[in-house]
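Asks:
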Amino acid sequence: VMTFNFLVMTFNFLVMTFNFLVMRVIYKFNAQICQQINLYLK
């Protein structure tokens with residue numbers, strides 16, 4: 001049972017890390033798109 005709980009905790013940690021990295025990539029991508037739009041509007 002302890003091993004199963006440890007695996008679940010590890011899996012949750014990996015999912016959290018993955019979500020954090022995806023959020024950072026999306027944030028950078030959106031920032032670049034906003035810069036492009038601002039350049040087009042000027």
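Here the sequence shown is numbered in our numbering, starting from 1 and rising by one per residue. Cβ atoms here follow ideal geometry from the backbone N, Cα and C, with glycine treated the same way. Since this is a predicted model, take the numbers as computed values, not measurements.
Roughly how many whole angstroms lie between the Cα atoms of M2 and V15?
Replies: By one-based count along the sequence shown, residue 2 stands at place 2. By one-based count along the sequence shown, residue 15 stands at place 15. Counting only the Cα atoms, V15 lies some 20 Å from M2.
Asks: Return helix, strand or coil for K42, following the three-state DSSP convention.
Replies: Counting from 1 along the sequence shown, the entry for residue 42 is found at position 42. Coil, per DSSP.
Asks: DSSP on V1, reduced to helix/strand/coil?
Replies: For the purposes of this step, residue 1 is identified with residue 1 of the sequence shown, where counting begins at 1. V1: coil per DSSP, three-state reduction.
Asks: Distance, Cα to Cα, N19 vs F6?
Replies: Along the sequence shown, one-based indexing puts residue 19 at 19. Along the sequence shown, one-based indexing puts residue 6 at 6. Answer to the nearest angstrom: the Cα atoms are 20 Å apart.
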